[in-house]
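Shown next, in structure tokens, is the structure this report addresses.
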Amino acid sequence: MRALRKILLIFMAAAAGLTVSELLFRFDPTRTAILRILRREAANPAQENLRRLAKNEQVAGTETEREIDLLRAQFADEERFTTALASAGLSRPEIQERVAEHLSERQWIEKQIAPELAVTEGECRAFYDTNPQQFSQPQRYRASHLFIAAPQGTAVEIVQEKRTFAQALVMRILGGESFPALAGETSEDGATKARAGDLNYFSSSRIPPEFFTEIEKLRRGQMSAPLQSHLGFHIVQLTGSKPPRRLAFEEAKSEIAQTLANEKRAGAVAQLGERLQDSNFLEAAR
Numbered sequence: 119m120r121a122l123r124k125i126l127l128i129f130m131a132a133a134a135g136l137t138v139s140e141l142l143f144r145f146d147p148t149r150t151a152i153l154r155i156l157r158r159e160a161a162n163p164a165q166e167n168l169r170r171l172a173k174n175e176q177v178a179g180t181e182t183e184r185e186i187d188l189l190r191a192q193f194a195d196e197e198r199f200t201t202a203l204a205s206a207g208l209s210r211p212e213i214q215e216r217v218a219e220h221l222s223e224r225q226w227i228e229k230q231i232a233p234e235l236a237v238t239e240g241e242c243r244a245f246y247d248t249n250p251q252q253f254s255q256p257q258r259y260r261a262s263h264l265f266i267a268a269p270q271g272t273a274v275e276i277v278q279e280k281r282t283f284a285q286a287l288v289m290r291i292l293g294g295e296s297f298p299a300l301a302g303e304t305s306e307d308g309a310t311k312a313r314a315g316d317l318n319y320f321s322s323s324r325i326p327p328e329f330f331t332e333i334e335k336l337r338r339g340q341m342s343a344p345l346q347s348h349l350g351f352h353i354v355q356l357t358g359s360k361p362p363r364r365l366a367f368e369e370a371k372s373e374i375a376q377t378l379a380n381e382k383r384a385g386a387v388a389q390l391g392e393r394l395q396d397s398n399f400l401e402a403a404r
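Number 404 marks the last residue of the sequence shown (the working numbering); no jumps.
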């Protein structure tokens, strides 16, 4: 069971769509409560109710295949993916069935909580007025990065190979090659390579301290030596900066709305989870 839970949790993390740049910025998806509901536990009334209520949800086969592809991508190669399935006691048809079931349940949950997620401008304004400290914007920088993956736990010899490769890329740029072009060609951050590695604006609260410290040392247009983070190596070029200031309401509104929607989502999912625990919920929901 532990192996089965592990592979399913890996799948769910992949399904959240995390990218290198989002991990670098400590992206925190708001599906913790949903993941608790979706875990397979023996004799769990919530899971049984959810499974029965979601059984008529229609999920396209292409969605199921996409989620399986995301799961497969968490492993180094096809052989290791197949081995992981076997060690969890799962065949390909079984994992496909489990993924389709998970998508149906997630779709049902989204439909149930959707009416509770609306955020009004009045709610946004009230949040802005009562939390002024959150909108005092610190010094921000804009940078592009060229990323070479070497996450914690990677074999030492592979880390050294990646470091050598990153250093070679720096020399190519110093030799006249275009940073944006090389980012598009060689960066392993799929979320940013299509936009020449652009990370947009960020402050010290959004990225690891060691990364931000190196950014502060750069002048606009200047490129760093390869920086190592817990994810791998980054070649960073500073492209802009903005001084500290207070954000206007209109600038902050979309972020506030997302924050409030996330809070409502967490509350709605928690309440739904409680209701699903009730053995009478299935009859009440019909």
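The C-beta atom is built at its ideal place from N, Cα and C for all residues, glycine as well.
- Under the DSSP assignment, residue 317 falls in the beta strand (DSSP E) whose first and last residues are 316 to 320.
- Judged by DSSP secondary structure, residue 355 falls within the beta strand (DSSP E) whose first and last residues are 350 to 360.
- With respect to the C-alpha of residue 379, the residue from 354, 251 and 231 having the closest C-alpha is 231.
- Going by beta carbons, residue 264 and residue 305 fall inside the 8 Å limit.
- Between residue 284 and residue 344, the CB-CB gap stays under 8 Å.
- Assignment of beta-bridge partners to residue 265 by DSSP yields 352.
- The residues 264, 287, 290 and 291, in chain order, have a CB closer than 8 Å to that of residue 300 in the same chain once the five nearest residues on each side in sequence are set aside.
- According to the DSSP assignment, residue 313 belongs to no alpha helix (DSSP H), since it is labelled neither H nor E.
- Rounded to whole angstroms, the separation of the alpha carbons of residue 363 and residue 371 is 16 Å.
- Contact annotation, residue 355 with residue 297: C-beta distance approximately 5 Å; criterion of less than 8 Å satisfied.
- Beta-bridge pairing by DSSP links residue 260 to 319 and 358.
- DSSP, read as helix, strand or coil, puts residue 346 in strand.
- With a 10 Å radius around the Cβ and a threshold of 16 neighbouring Cβ atoms, residue 338 comes out exposed.
- Here residue 259 has 333 and 359 as same chain residues with Cβ atoms under 6 Å from its own Cβ, once five neighbours each way along the sequence are excluded.
- The Cβ atoms of residue 226 and residue 175 lie closer than 8 Å to each other.
- Classified as exposed, residue 198 has fewer than 16 neighbouring CB atoms from the shown chains inside 10 Å of its CB.
- Note: residue 254 is bridge-paired with 364 in the DSSP secondary-structure output.
- Burial check for residue 185: the Cβ neighbour count within 10 Å reaches 16 or more, so the residue is buried.
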